[in-house]
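**Q** First residue of the sequence shown: 1, per full-length UniProt numbering; consecutive thereafter.
Just so you know, even glycine gets a beta-carbon here, dropped at the ideal spot from N, CA and C.
Okay, handing you the structure first.
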Amino acid sequence: MASFHRPLALDHSALIRDSHTLLILEGLVNHTNVGAIIRSAAAFGVDGILLDTHCADPLYRRAIRTSMGTVFNMKWARFTDHLDLAERLAESKYDVLALTPLPSARSIRSWRPGERSALILGTEGDGLSTDAHGIASQELRIPMAAGIDSLNVSAAAAVALYEFTNHVHS
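Encoded structure:
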């Protein structure tokens with residue numbers, strides 16, 4: 001049996017203000033996916049993660065295990081209101097991008113970053129909400145072979161974060 005002091009989530013306004021590269025998660029209820037995404041975010045140098053209130057708890061034991069403990073080093077915060085989030089991101093001059101499998105979306109390979117960037121990921125089944133699409137200035141997709149329309153959200157996150165941070169840090 002082990003016990004630890006549960007760290008409090010940061011204030012989302014402060015995280016937005018103090019970061020340059022953010023990942024926004026919407027509706028991800030699977031702890032394994034959340035943990036794997038946190039691990040990828042840490043590996044690719046993301047400054048912080050914003051999770052909506054429907055996302056799985058990043059401090060749940062399965063998420064901690066899957067993240068290999070990187071959740072304890074990653075800055076994260078919860079948000080409750082898309083409109084407030086959009087206002088905070090706009091105030092801090094973020095380029096907000098939505099990752100989607102839609103063929104009409106721009107290839108992530110052709111995207112070039114601004115000074116501050118945030119990438120939104122949604123659930124595998126329903127994808128991003130209308131509110132999340134409304135926050136984004138553009139939609140990006142991961143190019144895939146014919147006949148394949150999507151990846152598991154944690155795999156898509158890893159691929160997108162590689163491309164995303166490769167452009168940001170180059």
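1) On a Cα-Cα basis, can you pick out the residue from Leu10, His54, Asp81 that is closest to glycine 48?
2) Closest to glutamate 139 by C-alpha separation, out of Arg112, Arg106, Gly35, Arg61, would be which residue?
3) Have a look at Arg62, His31, Ile135, Gly127 and flag the residue whose alpha-carbon is nearest the alpha-carbon of leucine 151.
4) Do three or more CB pairs link the segment 51-65 to the segment 89-96 at distances below 8 Å?
5) Any chance the segment 118-137 sits against the segment 66-79, with 3 or more Cβ pairs inside 8 Å?
6) From what residue to what residue does the beta strand (DSSP E) around arginine 141 run?
7) Apart from the five residues just before and just after histidine 12, which ones in its own chain have a Cβ nearer than 8 Å to its Cβ?
**A** In short:
1) By 1-based counting over the sequence shown, the position of residue 48 is 48. Of the candidates Leu10, His54, Asp81, the one whose C-alpha sits nearest the C-alpha of glycine 48 is Leu10.
2) As a working note, residue 139 is residue 139 in the sequence shown. Glutamate 139 has its Cα closest to that of Arg106, out of Arg112, Arg106, Gly35, Arg61.
3) If you number the sequence shown from 1, residue 151 lands on position 151. The residue with the shortest Cα to Cα distance from leucine 151 is Gly127.
4) no
5) no
6) As a position in the sequence shown, residue 141 is number 141, starting the count at 1. Its beta strand (DSSP E) spans residues 138-141.
7) Position 12 of the sequence shown, counted from the first residue, corresponds to residue 12. Taking histidine 12 as the centre and dropping the five residues before and after it, the same chain places the C-beta of Leu50, Ala77, Arg78, Phe79, Leu85, Arg88 closer than 8 Å to its C-beta, in chain order.
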